[in-house]
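For the sequence shown, numbering that gives the first Met the number 0 begins at 0 and goes up steadily by one.
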Amino acid sequence: MADVVTSEASQFTQKVENRSARIGIIGMGYVGLPLALLFSEERFAVTGFDIDAKKVSSLNSGGSYIVRIPGTEIQAAQKHGFRATSDYSEIASVDAVIICVPTPLNEHHEPDLSYIRDTASAIAPHLREGQIVILESTTYPGTTEEVLIPILEEGNSRQLRVSRDAASKGFYVAFSPEREDPGNDTVARRDIPKVVGGVGSRALEMASSVYGSIFNRTVPVSTPAAAEMTKLLENIYRCVNIALVNELKQLCHRMDIDIFEVIDAAKTKPFGFQAFYPGPGLGGHCIPIDPFYLSWKAKQYDFRTKFIELAGEVNVAMPYYVVDKTVEALNEQSKAMKGAKILVLGLAYKKDVDDLRESPSLTIIELLKDRGAVVAYNDPYFPYVGRGRHYDLEMHGVSLDNLAQYDCVLIVTDHSDYDYQRIVADSKLVVDSRNATKGIRSEKIVRC
Ligand SMILES: NC(=O)c1ccc[n+]([C@@H]2O[C@H](COP(=O)([O-])OP(=O)(O)OC[C@H]3O[C@@H](n4cnc5c(N)ncnc54)[C@H](O)[C@@H]3O)[C@@H](O)[C@H]2O)c1
C-alpha cells in the first residue's frame, strides 16, 4: 500500500512539474484571484470558484473588479485556460483545491467559520482519491483538523478519508496561510516565502510542490496547526506594535514631541527595532480581526491573551481620539463641532487600496455625524459608499474643487494621488491623522 501512495504523490509532483495538474481556487477575492493569476502565469489551467455570480461573469468576460488587477491580466490567464464557475461539480476535474474564503468575526466578536464550513460541504461530495485540499483562509490553530477535515470526510459519498501517513490512501489536506500585504509593491508576491503545514508527509510534499511552482521558497512546518499559528503570530505582532505606537503618539502629543520624528530616528538602529506607524485606527480584513481568532481559541485552554486584548482596546479607541482632536482643532478656531462642515479625505483602510473593510474612516464619519457635523468625503477609489457589515452611510463622494467651503479637512487615508500641498493651501483647517502633510509648514495643519 505504501508504494501505491508514494507513486500517487510522485505522479502528482510530476503533473505539477509538467504543468498538466489542474488547479481549483475557491473564493475569487483579494487573495484567491491574484493566486489564480500566479498559477496561470506558470501555464497551469486554473478554475476559479465563487458563489458571487457577478464576479464569475466579470471574470469570464475578461474583466477585473479589483483596481490593482487590470482586465488584461485576466484575459492573459484565459489564454492559459483560466475560467470561473459557481458549479462545484467541477471540483472533480481539478488536482489541487485551494480555499481562499472570508473568515470574519460575528456580531459577538467570535470567529465566523461559516464560509469555510459552506465551502467544505460544497466540495465534499465531489472529492476524488489523490486530490489535495489546501486551506489558505486565516484562522485559529486547529481549524484544518477540527473543522475542515470532518466535513470533507462526512460529506463525501465515496467514503474517502484523509490520508495521514505513507500507508493510507484517500485525499490529502494541508494549510498554507496567505501572507501578502495589499498595496505593498516592495516585495514581489513570488518572493514572499510560502509556509506550508500538511496532514502527514505526503500532503506536505504535494502542497510544497504546488506552491514551489509559483513561489521562490516554501517553508515547511510540522503540522497545519503550526502553519495556522504562524499567520496569527505575524498579524498579532503587527497589531500589538501598532497599538504601542498609537499609545505613544497620544503621550507624545501631550509632551509636544513629534512621534514620527522619533520613529524615523529610532529606525536608524541597525538591529532590534522595526518601525510601525500610528494612525487613525486599524482596518482591513486581517489585523483588526485575526488576533481575536486566537483569543477565542485560547479561552478553550483557560488562557487569557492579554496583549491581544490590550492592543485591541488601544486601537479601537483611535477613531475616538481623532474625533476629539478634530473637536479641539475646531474649538481653537471658535467653531463648534455641531453644524461644522467637515470633509473626510480618504475612506480606504490604508493608502492606495480599494478596500473598505473595517476601515476606521467609517467609524470616524459616524462619530462626526453623531456630534452634529455635516460630513462629506472624497476617495478616488469609492465614488459611493452604501451599506456594509458594520455601517450604513449612503453617501456620494465629492470633488476637491472648493475646499474652502469646509470648516475642516480631516485626512484619514493618505492616498498617494492627493496633492497635499494644494489641499493645505486651499483649506481653512487640516487635521492630519496620517502624517500625510509631513514637510509642509502651515499654521492651518493640526497633526494628530
Ligand atoms: N485581503 C488580504 O489582504 C488578505 C491577506 C492575507 C490573508 N487574507 C485571508 O484570506 C481569506 C480571504 O480573504 P479575501 O480578502 O480574499 O476575501 P474576499 O472577501 O475578498 O474574497 C472572498 C471570496 O470568497 C467568495 N466566497 C464566499 N463563500 C464562498 C463559497 N462558499 N464558495 C465560493 N466562494 C465563496 C466571496 O464571494 C468572495 O469573492 C481570509 O481568511 C483573509 O483573512 C486576506
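Ideal Cβ positions, reconstructed from N, Cα and C, are used throughout, including at glycine.
Following a CB-centred definition, is residue i positioned closer than 7 Å to any heavy atom of ligand 3?
| i | result |
| --- | --- |
| GLU179 | Among the ligands in the structure shown, ligand 3 does not appear; only ligand 1 can be found there. |
Below 8 Å on the Cβ atoms is my guess for residue i versus residue j; work out the distance and round it to an integer in Å.
| i | j | result |
| --- | --- | --- |
| ASP49 | ALA75 | No, ASP49 and ALA75 are not in contact; Cβ-Cβ is about 20 Å, not under 8 Å. |
| LEU342 | SER358 | Not a contact, Cβ separation roughly 16 Å. |
| LYS443 | SER432 | Going by Cβ atoms, the distance from LYS443 to SER432 rounds to 15 Å, so no, they are not a contact pair. |
| VAL430 | ALA328 | 5 Å |
| LEU402 | ILE422 | 7 Å |
| TYR417 | ILE439 | Their Cβ separation, rounded to whole angstroms, is 12 Å, which puts TYR417 and ILE439 out of contact at 8 Å. |
If I follow the unbroken beta strand (DSSP E) through residue i, where does it start and stop?
| i | result |
| --- | --- |
| TYR87 | Where TYR87 is concerned, there is no enclosing beta strand (DSSP E), given that its DSSP letter is neither H nor E. |
| VAL408 | 407-410 |
| ALA375 | 373-377 |
Which stretch, first to last residue, makes up the alpha helix (DSSP H) that contains residue i?
| i | result |
| --- | --- |
| PRO33 | 31-40 |
| ARG237 | 223-254 |
| PRO149 | 148-153 |
| VAL313 | 305-331 |
| PRO290 | 289-298 |
| ILE258 | 258-265 |
| MET205 | 200-211 |
| ALA119 | 113-122 |
By the 10 Å Cβ neighbour count, where 16 or more other Cβ atoms means buried, how is residue i classified, buried or exposed?
| i | result |
| --- | --- |
| TYR405 | buried |
| PRO33 | buried |
| ALA8 | buried |
| ASN314 | buried |
| GLN299 | exposed |
| VAL186 | exposed |
| GLU72 | buried |
| HIS414 | buried |
| VAL172 | buried |
| GLN130 | buried |
| LEU428 | buried |
| PRO69 | exposed |
| ASP184 | exposed |
| MET336 | buried |
| THR267 | exposed |
Between residue i and the rest of its own chain, which residues show a CB-CB distance below 8 Å, the 5 nearest in sequence each way excluded?
| i | result |
| --- | --- |
| GLY338 | GLY371, ALA372, VAL373 |
| GLU393 | VAL384, GLY385, ARG386 |
| CYS251 | ASP257, ILE258, VAL261 |
If I measure Cβ to Cβ from residue i and keep anything under 6 Å in the same chain, skipping five residues before and after, which residues do I get?
| i | result |
| --- | --- |
| PRO287 | LEU281, GLU357 |
| MET317 | ASN245, PRO279, GLY280 |
| LYS230 | THR137, PRO176 |
| ARG216 | PRO192 |
| THR143 | LEU134, PHE174, PRO223 |
| ASN234 | CYS285, ILE286, ASP289 |
| TYR114 | VAL100, PRO101 |
Open item on the list: Three or more C-beta pairs under 8 Å: does that hold for the region 240-247 against the region 211-221?
Closed with: Look at the beta carbons and you see the region 240-247 not touching the region 211-221: under three pairs across the two are nearer than 8 Å.
Open item on the list: Would the region 213-228 count as touching the region 167-176 if we require 3 or more Cβ pairs under 8 Å?
Closed with: When Cβ pairs closer than 8 Å are counted between the two stretches, the region 213-228 is seen to touch the region 167-176, the count reaching three or more.
Open item on the list: Can you confirm whether the region 85-100 touches the region 46-61 when touching is taken to mean that 3 or more C-beta pairs between the two stretches lie within less than 8 Å?
Closed with: yes
Open item on the list: Under 8 Å, with one C-beta from each stretch per pair, do the region 134-146 and the region 106-119 reach the 3-pair mark?
Closed with: yes
Open item on the list: Closer than 8 Å is the cut-off here; do at least three beta carbon pairs connect the region 162-169 with the region 198-207?
Closed with: Taking one beta carbon from each stretch, the region 162-169 and the region 198-207 have 3 or more pairs nearer than 8 Å; the two touch.
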